[in-house]
Structure formats: structure tokens, C-alpha cells
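Heads up: the structure comes next, in C-alpha cells.
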Ligand code: TRP
């Protein structure tokens, strides 16, 4: 590109910081809360296999594409798409991709924050010794008691949104850099500790078999696996794009993307290996739904040596993992407001945060007073609550759609010289990326969409 642009929002100090920030965005509730419960609901083995294939064939190439677009545009996703479309002499309508991302991020954060609130409340429940010697039934009713109390959920949701607005208001770089360096390895270590506990339950093999031995799978489950690949890698809505726009030109995007995707996948698999043995050892249902980790892990903490401490630290780290993800969900919107409305970050973060906070009420009520207000869309889903619908619409529709358009833009709309110049990697790697981005990823997304609604 002719002129040298720099992001007005600042740059990551170095490549490691970028990798940590991107990993901080990727690793979150998606890995530890969502992956185990949707794996449980969708029968295990084959679901996990499809998810892994989606990470490798769709997720990694699209992550490379998304970071690349961000770094080339160096602005919020909305302005990045406008600039790039113009720079390539293409239709200005591509800016809608940025807008869809902003909406998706807002919708996701509205429920993400509520679930992060659950994790926060569990720090105190574990710390107070509520789970000492707890039975499976006991853990169930403690969970039910939390989610059927809208006021308590609202309090935690509010605290989490304030925490998120504070970090985003100050600027993603400050504070985040240090927090992630220290916390990510710590979370990793603790998960391994819980996996070791899971080995002592006597049901470790059952857990592994459930996770890795293949069985039947439906078109809908394939869509959920693919949607989750986008969700867990933070792809398809501009979060990784905006992080890419703070990345300096001299670092390799391909290598960073692979590291982030690997770290994210390992955390998810460890969470699965920690949870399913506990599920089977206690005669619980793998398909218990969104409460799964809150109904299983406390049993482990209530019975292992020093479990109270381990539990408190675990839920604290989960909260941090959710926090570093949440900030990436509203960064695109905040960056846009700063660029186009001339407001400061604190003002922008406050307004976006307030709106998100309000939307979160819908998710809170989905677990209590709106529990029975469900909707169905023929051939798509049945009896979904507000939360279920939001989750489905964002993870299984908006993110894959965003990802599809990112792949199409990077693979077909941008000139080959532009992408080659931006990625400057080995020819073989570049060719592989380009092939996956032009053909495999878009076709796979479309095929999975059609299959999920039984059109093929
Ligand atoms: N990836 C995060 C998780 O697994 C959630 C998340 C953060 C996200 N930023 C995102 C999901 C952007 C989709 C898009 O918990």
C-alpha cells in the first residue's frame, strides 16, 4: 500500500502481546462452559471430530484472513471494510460486513456477560464452602437456585458489564497485556489439575470414549460444531480483525494464527477431559445443557483435597478468561464510535455497555420468568428461549455468515498481490491458505448451512 497508515488506537507492543491478546479473546467461556455442554448435547465423538476439522479447514484460514484485513485497514472493522473495498476498487457495500459484526458482538456479549456472572457467583459459593461433600443432586439444586433468581443474576451481570466497560474505556492494551501473560498459563495448569482429579474418579476412560469415539451425527449438530469453531476462535464479527488492526506490519500473521488456534483447542479438549469423567462417575446427563460445568465441577471441588481453594481459583480464572474475551466483543463498536463520532473511549464504552447491559435482561429472564416463552421456527429449531435463540442466531448464523464473507473478500475480492504482500509467507503456505480461503472454507460453510435445514 502506498501510504503508511497507523491505527489511531495504538499498537501492540510486540508480537507476543498480540498473540496473548488474541488468545485471551479466543479462550473464554466458549472453551470451558460452552464446548463441554454442546458436546454433551450432541453426542460426543463425531461432534468433536467435526469441530476439530472446522477449526483446521475453516477456522485457521479465516483467522488469517480476518487478521490480515484488520492489519491492512488499520481501523475499526466498519471503516476497515470501507477502506479496503475502496482500495481494491470494489463495491462500497462491503462495509455491511463491519456492521453485521458490530451487531453480532453486541448480541453475543449480552448473554456472555450473564454467564460470566454465573462464574463470578460460583467463586463465592465455592469459597463459602457450599460444595463440601456435595452430591450430584445437591450441586443441581444449588445451580437451579441461582438461575431461577433474576435479581441475583442481574447483580452479577451488572458487575461484569461494568468490569468490561472499565477495561474497554481505558484502552484494550493497558492492563490487558500484563493480565493475560500471567493468567493464561495459570488457567492451563489448573485445568490439568482438574483433569488429574478426573482420572481418580474411575470413569476417565468413559469420558475419553465419549469425547473421541465416533457415532452418528445430524446436519444440525454439524452446524452447531461449525458455529462453535467460529465462536471459540472469536471469528466472523471483527473482534480478531480489530485486534489485527493494532498489529504492526512486521509480524507474521500465519504463525500467530496457528498458535492461537492450537492453544484454544487444547484448552477446550482439556475442559472436556475434566468434565465428562465427573459426569459419568456421578450418573449425570452429558446433555444437561448450559448448566453442565456448574453442576459437575463443584462435585470435584467438594471432594478433592484442598478443593475449596482449587475451586475458588478456578472460577476466578474462568472469570478472567471471560473478561479478556468480552472486551474483544465490544472493541469493534467502540473503535468505530471513536473514529467516526469523535467521542472518547470512555464515553463510547459506556454507551455500548449500557445498551448491552439492557439486552442482557432477555437472557436473565430466559432462565426464570420467561422460561416457558419459547419460539419455534420450522426446520430450524423448536421451543427455544430468548437465550437459545440469541445463541443460535449469533453462533450458528451470523458468525459463519460473517466468516463466509471475510473468506470471499480475502480470497476473491482482494487482489492476489495485496494478500501476498500482507501475508509474506512461504509460497507453499500462501498457496494452501489461498486455496482453503477461496474454495474449501466458503463451500464448507454453504454446504453445512444447507444441510442443517435439510436442503441437501
Ligand atoms: N471466543 C470467546 C470464547 O470462546 C468468545 C468471543 C470473544 C467471541 N470474542 C468473540 C465469539 C468474537 C465470537 C466472536 O469464549
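Numbering (the working numbering), first residue to last: 2 to 457.
Glycine included, each C-beta is placed from N, C-alpha and C at the ideal position.
Predicted model only: the values in this text are computed from it and were never measured.
#1: Kindly indicate which residue of 284, 69, 116, 101 has the alpha-carbon position closest to the one of residue 417.
#2: Could you tell me the alpha carbon to alpha carbon distance between residue 312 and residue 122, rounded to whole angstroms?
#3: With hydrogens ignored, establish whether the beta-carbon of residue 24 is closer than 6 angstroms to any heavy atom of the ligand TRP.
#4: Any heavy atom of the ligand TRP within a distance shorter than 6 angstroms of the CB on residue 360?
#5: Please go through the same chain and pick out, in chain order, the residues whose beta-carbon is closer than 7 angstroms to the beta-carbon of residue 395, but skip the five residues on each side of it.
#6: Restricting to Cα atoms, I'd like to know which of 132, 26, 214 is closest to residue 43.
#7: Which of the three DSSP states is assigned to residue 384 in this structure?
#8: Using a threshold of 7 angstroms, state whether the C-beta atoms of residue 162 and residue 114 are closer than that.
#9: Please indicate yes or no: does the CB of residue 320 lie closer than 6 angstroms to some heavy atom of the ligand COA?
#10: Tell me, to the nearest whole angstrom, how far the beta carbon of residue 208 is from that of residue 305; I am working on the premise that it is less than 8 angstroms.
#11: Please report the straight-line C-alpha distance between residue 187 and residue 71, rounded to a whole angstrom.
#12: State buried or exposed for residue 310, treating a residue as buried only when at least 16 other CB atoms are found within 10 Å of its CB.
#13: Which runs of the beta strand (DSSP E), 3 residues or longer, sit entirely within the region 198-244?
#14: Spell out a yes or no on whether the region 213-232 and the region 48-59 are touching, meaning 3 or more CB-CB pairs, one atom from each, closer than 8 angstroms.
#15: Span of the beta strand (DSSP E) holding residue 246?
#16: List the residues that DSSP assigns as beta-bridge partners of residue 376.
#17: Would you call residue 308 buried or exposed, if buried means 16 or more other Cβ atoms sit within 10 Å of its Cβ?
#18: According to the neighbour-count rule (16 or more other Cβ atoms, all chains shown, within 10 Å of its Cβ), is residue 81 buried or exposed?
#19: Under the assumption that residue 24 contacts residue 185 (Cβ atoms under 8 angstroms), give the Cβ distance between them as a whole number of angstroms.
#20: Whole angstroms are fine: how far does the CA of residue 103 sit from the CA of residue 223?
#21: From residue 434 to residue 86, what does the alpha carbon distance come to, in whole angstroms?
#22: Ends of the alpha helix (DSSP H) at residue 13?
#23: Taking the alpha carbon of residue 269 as the point to measure from, which residue in 293, 406, 29, 17 has its own alpha carbon closest?
#24: Tell me which residues share the same chain as residue 271 and place their Cβ nearer than 7 angstroms to its Cβ, disregarding the 5 neighbours each side in the sequence.
#25: In the DSSP assignment, find the unbroken alpha helix (DSSP H) run with residue 154 in it and report its ends.
#26: Hey, residue 254 and residue 65 are a contact pair by Cβ (cut 8 angstroms); roughly how many whole angstroms apart?
#27: Relative to the alpha-carbon of residue 318, which residue among 189, 201, 345 has its alpha-carbon at the smallest distance?
#28: Leaving out five residues before and five after residue 151 in sequence, what residues of the same chain have Cβ atoms less than 7 angstroms from its Cβ?
#29: When DSSP labels each residue in this structure, what does residue 3 get in the three-state scheme?
#30: According to the neighbour-count rule (16 or more other Cβ atoms, all chains shown, within 10 Å of its Cβ), is residue 262 buried or exposed?
#31: Tell me which residues share the same chain as residue 354 and place their Cβ nearer than 8 angstroms to its Cβ, disregarding the 5 neighbours each side in the sequence.
#32: Does the beta-carbon of residue 324 have 16 or more other beta-carbons within 10 angstroms, so that it is buried, or is it exposed?
#33: In whole angstroms, what is the alpha-carbon distance linking residue 134 and residue 301?
#34: Suppose the cutoff is 8 angstroms on Cβ atoms and the five residues either side in sequence are ignored; what does the same chain contact list for residue 421 look like?
#35: With a threshold of 6 angstroms (Cβ to nearest heavy atom), would residue 330 be considered close to the ligand TRP?
#36: For residue 359 and residue 171, I'd like the C-alpha separation in whole angstroms.
Per the coordinate set shown:
#1: 69
#2: 12 angstroms
#3: no
#4: no
#5: 105, 108, 109
#6: 214
#7: strand
#8: yes
#9: By its list of ligands, the structure shown excludes the ligand COA, since it contains just the ligand TRP.
#10: About 16 angstroms separates the two Cβ atoms, so there is no contact after all.
#11: 30 angstroms
#12: exposed
#13: none
#14: yes
#15: First-last for residue 246: undefined, no H or E at that position.
#16: 385
#17: buried
#18: buried
#19: 6 angstroms
#20: 26 angstroms
#21: 21 angstroms
#22: Taken as a continuous stretch (DSSP letters only), residue 13 belongs to no alpha helix (DSSP H), as it is neither H nor E.
#23: 29
#24: 192, 193, 196
#25: 151-171
#26: 6 angstroms
#27: 189
#28: 365, 366, 369, 370
#29: The pLDDT assigned to residue 3 is 42, lower than 50, so where the model puts this residue is not dependable; a value taken from the coordinates is nonetheless given after this. In the structure shown, residue 3 sits in coil (DSSP, three-state: anything other than H, G, I, E or B).
#30: buried
#31: 162, 163, 165, 166, 169, 331
#32: buried
#33: 9 angstroms
#34: 431
#35: yes
#36: 22 angstroms
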